[in-house]
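These notes are about the structure you will find just below.
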Amino acid sequence: MGEYILRTKNLSKKYGVVYAIENINVEIKQGQIYGLIGLNGAGKSTFMRAVTGLISLTSGEVELFGKSGVKALRYGRERIGQSIETPAVYPNMTAGQNLEIQRKIGKVTDKNIIKGILELVGLGDTEKKKVKDFSLGMRQRLALAIALITKPEFLILDEPVNGLDPVGIIEIRELIRRLAKEQGLTFLVSSHLLDELAQVATHYGIIDKGRLVKQISQEELSYESRQYIKIITDNTGKTISLIKKTLGIPKLKKPQKMNCTYMVIRKRPGK
Ligand SMILES: Nc1ncnc2c1ncn2[C@@H]1O[C@H](COP(=O)(O)OP(=O)(O)O)[C@@H](O)[C@H]1O
Ligand SMILES: [Mg+2]
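Counting from 543, one number per residue, gives the positions in the sequence shown under the working numbering.
And the structure:
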């Protein structure tokens, strides 16, 4: 399914003698929302900086849109929008005026793009409001708007919901979901809390002390975190009929793991 948007091979970055990230292998396909989860200092920002070329690599390789090599990477990085480095926003200007500046910096010729992006991120009604009077949620949405100005195919967002209240978190999540669905954008989004991204990410990479400890899809995650009841018995048949009778479950699935003294009955997530 789909083409690879990003593949890293043993990506490492060392500061002095200490690895900030070590041998990271990440694979992201077109249309995925990839949540990079890890505690503060785990290496999320370093990984994102290495992918976007904001820092040099110590070793390893980055492949973007199926291609690696200096020239292909330069071209690939032009197709990325990012919010890793906070863009210089002018607090005394409106969101629209700030976007106009970013449009010029990004050499985007379509002047009409700004209105659409402001609408898209939910800042369409802030025409006169200066950025200095924005809430944190509005600022995060402005950062997203700036990342979108060059019409990227791949968005890399570093902790876009950090510090937001629950309503702000939902707004950003909805926006990411909509952009992925309606515009087919691919996302790499970091957070130090799994909860914040759990509902929007389609895939997860768990990073700890600079190492990718797990890469897992949403389906695999919910399967692994499903609930089950463990029953130890010396008579499986009798136990099953007892459960059927006392709990009124007519169709009890055969336990997945069974021998004469041990059985596990799994509950599907949400059941
Ligand atoms: N410019 C730098 N110089 C030295 N150490 C750094 C630098 N940037 C990051 N680090 C270190 O690399 C590790 C990973 O940091 P970072 O990528 O910022 O983590 P995260 O974004 O997950 O909080 C931390 O131990 C941090 O102190
Ligand atoms: Mg960080």
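Idealized CB from N, CA, C, for every residue including glycine.
Check: residue i C-beta below 6 Å from any heavy atom of ligand 2
i: K671; result: no
i: S601; result: no
i: K756; result: no
i: V587; result: Here residue 587 turns out to be Ser, not Val, going by the sequence shown. Checking every heavy atom of ligand 2 against the Cβ of S587, one is found closer than 6 Å.
Exposed unless 16 or more other CB atoms sit within 10 angstroms - verdict on residue i
i: K555; result: buried
i: N582; result: exposed
i: E669; result: exposed
i: T628; result: exposed
i: G658; result: exposed
i: V663; result: buried
i: E620; result: exposed
Cα-Cα separation, residue i to residue j
i: Q562; j: Y546; result: The amino acid occupying residue 562 in the given sequence is Ala; Gln does not appear at that position. Approximately 25 Å between the Cα atoms of the pair.
i: E761; j: A743; result: 11 Å
i: V709; j: K551; result: 37 Å
i: K787; j: S764; result: 29 Å
i: L665; j: G580; result: 30 Å
i: L739; j: G577; result: 6 Å
i: T600; j: K649; result: 31 Å
i: D874; j: A584; result: A query on residue 874 cannot be resolved here, the shown segment of the chain reaching from 543 to 813 and no further.
i: I771; j: S759; result: 24 Å
i: I643; j: K653; result: 11 Å
i: G790; j: I570; result: 45 Å
i: I712; j: L706; result: 9 Å
i: D675; j: H734; result: 27 Å
i: F660; j: N704; result: With the sequence shown as reference, residue 660 is identified as Leu, and Phe is not the correct amino acid for it. So the two alpha carbons sit approximately 21 Å from each other.
i: I656; j: L641; result: 7 Å
i: Y617; j: E603; result: 16 Å
i: L606; j: V612; result: 11 Å
Three-state class that DSSP yields for residue i in the structure shown
i: Y632; result: coil
i: A584; result: coil
i: Q769; result: coil
i: Q725; result: helix
i: S610; result: coil
i: I712; result: helix
i: A743; result: coil
i: C802; result: Low local confidence applies: a pLDDT of 48 at C802 is under 50, so the model's placement there is unreliable, and no value is given.
i: F676; result: coil
i: E669; result: coil
i: P792; result: coil
i: S759; result: strand
i: E603; result: strand
i: R621; result: coil
i: E627; result: coil
i: G578; result: Here the sequence assigns Leu to residue 578, which means Gly is not the residue at that position. Reduced to three states, the DSSP call for L578 is strand.
i: L641; result: helix
i: K780; result: helix
Residue i beta carbon near ligand 1 (any heavy atom closer than 6 Å)
i: A722; result: no
i: N704; result: no
Other residues of its chain near residue i: CB distance less than 8 Å, five sequence neighbours each side excluded
i: K813; result: Since pLDDT at K813 reaches only 45, below the 50 mark, its modelled position is unreliable, and no value is offered.
i: V560; result: none
Close beta carbons around residue i, own chain, < 6 Å, minus the five adjacent residues each side
i: L727; result: L697, L721
i: L684; result: A637
Proximal residues to residue i (C-beta, below 7 Å), its chain only, five neighbours per side dropped
i: I622; result: T594, P694, F696, I698
i: R591; result: I597, I626
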